[in-house]
Amino acid sequence: MATPRRHGCMLCAEVVMCIFLVIAPLSTAIGVNYGTKGDNLPSPAKVAAFLVTRTNIDRVKLFDTNPDIVRAFAGTGISVMVTAGNGDIPGLATQTGADSWVATNIAPYYPATDISLVAVGNEIMDTADKNLIGNLVPAMQTLKAALVTAGYGKIRVSTPSSLGILVDAQPPSAARFRDVWDVAIFTPMLQFLRKTKSPLIVNTYPYFGYNGDTLPYALARPNPGVLDTGTGITYTSMLEAQLDSVYSAMKKLGFEDVEILVGETGWPTKAMDGQIGVSPAEAAEYNKYLIGEVSSGSGTPLMPKRKFETYIFALFNEDLKPGPVAERNFGMFQPDFTPMYDIGIMKDPVSMYMPVCNAGQNGTAYGRHSSCLGGRGAYRGERLEQR
42 MATPRRHGCM
52 LCAEVVMCIF
62 LVIAPLSTAI
72 GVNYGTKGDN
82 LPSPAKVAAF
92 LVTRTNIDRV
102 KLFDTNPDIV
112 RAFAGTGISV
122 MVTAGNGDIP
132 GLATQTGADS
142 WVATNIAPYY
152 PATDISLVAV
162 GNEIMDTADK
172 NLIGNLVPAM
182 QTLKAALVTA
192 GYGKIRVSTP
202 SSLGILVDAQ
212 PPSAARFRDV
222 WDVAIFTPML
232 QFLRKTKSPL
242 IVNTYPYFGY
252 NGDTLPYALA
262 RPNPGVLDTG
272 TGITYTSMLE
282 AQLDSVYSAM
292 KKLGFEDVEI
302 LVGETGWPTK
312 AMDGQIGVSP
322 AEAAEYNKYL
332 IGEVSSGSGT
342 PLMPKRKFET
352 YIFALFNEDL
362 KPGPVAERNF
372 GMFQPDFTPM
382 YDIGIMKDPV
392 SMYMPVCNAG
402 QNGTAYGRHS
412 SCLGGRGAYR
422 GERLEQR
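Under the numbering used here, think of the first position of the sequence shown as 42, with each following residue one higher.
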């Protein structure tokens, strides 16, 4: 496998690991998925303090509305996407239920915590649960109405979907939403998203679509590309092709103006024995490419100069997650905040022994302009509803 890229690290290997390249603050919204299915993870207050003081990450996506986590980001300047659980959807489809949910899960924290978006469920279309699917769009509509009534109209509402919502996804020009869903679900959903200026959230993983022959295409290494005969475009990046497939499906319904938000994308550092293309080197390569692509604002062949709010999966490895080995190994950081690899999101060089700032009073993190006061001892998902 390839050797991880290094950038002039001259530090003693026995004392300090080679750490993240220092770059200017990111110019486009790059966030991270913060999952909690682990028995060795740091406290939410320490996580918030770390992200504020050590990284250029300016937004996080949560898979629930855990009060301790939401509260930890109060006053940090970090934007937070929270998730209403799949099981909440039928209740949210009623105005009483939506009003109650907002009173319990938003009102105690907002605006101290900058809640920017509520995700209604996670990959609901993949559940095959007719009750959840049928109530999804009504729940989004009613929840938005409840937020407006409560005075929180700036908070967006959407729902994350996998690429399983598409058929004929390749080449991108042929992609469309699945039959029946296109009219019954995605037409009213996209109407709602357009009206409320909210994005369509898609989870795009080249990792789940590659094989030994297509690894360069998945990682956007030099490769001969894949020709879309419908447009004459040759794609050399699987991620760009996936995003353009979503765009094509939206355009067929007349909603190409709705923004696309990448809710999850990433690459694991470990998988089952013998699987090629999985190590810290490939994870760093993909995520560094991702950040460069998103930050450049160059867009995709079908969406030139379009910017995509993007959330990398994931902040930490989660050792309690079920499923294949890879599912537990998407993290960018170890539980002690040691970087798994270099992708250029750190504010300053940080050794593996560098402490994280202490949390502020009442468990909240210091703001972005506060000084670090931490001493040496300051620190030291199911697939659908929570990854």
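Quick reminder that beta carbons are idealized off the backbone N, C-alpha and C, glycines included.
Query, Result
"C-alpha gap between Val189 and Asn264, whole angstroms", "49 Å"
"C-alpha distance - Pro201 paired with Met230, whole-angstrom precision", "12 Å"
"Backbone secondary structure at Ile226 - three-state DSSP", "helix"
"Close-in-space but distant-in-sequence residues of the same chain around Asn370 (CB under 6 Å, 5 per side omitted)", "Pro309, Thr310, Lys311 and Asn358"
"Contact check, Thr77 vs Phe114, beta carbons under 8 Å", "no"
"Exposure of Gln136, with buried meaning 16 or more beta-carbon neighbours within 10 Å", "exposed"
"Buried or exposed by the 16-neighbour rule on C-beta atoms within 10 Å, applied to Ala86", "buried"
"Where Ser278 sits in the DSSP three-state scheme", "coil"
"Own chain partners of Asn244 with C-beta closer than 6 Å, once the 5 adjacent residues on each side are dropped", "Pro201, Ser203, Gly304 and Glu305"
"The stretch 248 to 259 contacting the stretch 315 to 323, beta-carbon criterion three pairs below 8 Å", "yes"
"Assumed close pair Ile98, Gly116 - CB separation to whole angstroms, cut-off 8 Å", "Contact flag wrong, Cβ pair sits at about 16 Å."
"8 Å Cβ shell around Thr197 - same chain, five flanking residues per side excluded", "At residue 197 the sequence reads Arg, which differs from the Thr that was named. Taken in chain order, the residues that qualify are Ser157, Leu158, Val159, Thr237, Lys238, Ser239 and Pro240."
"Rounded separation between Glu323 and Met279 - CA only", "15 Å"
"Short Cβ contact (8 Å threshold) for Tyr330 with Leu256", "no"
"For Arg369, the three-state DSSP class (helix, strand or coil)", "helix"
"Pro309 in three-state terms, based on DSSP", "coil"
"Identity of the residues DSSP links to Tyr327 by a beta bridge", "The partner list for Tyr327 (beta bridge, DSSP) is empty, contrary to what the question assumes."
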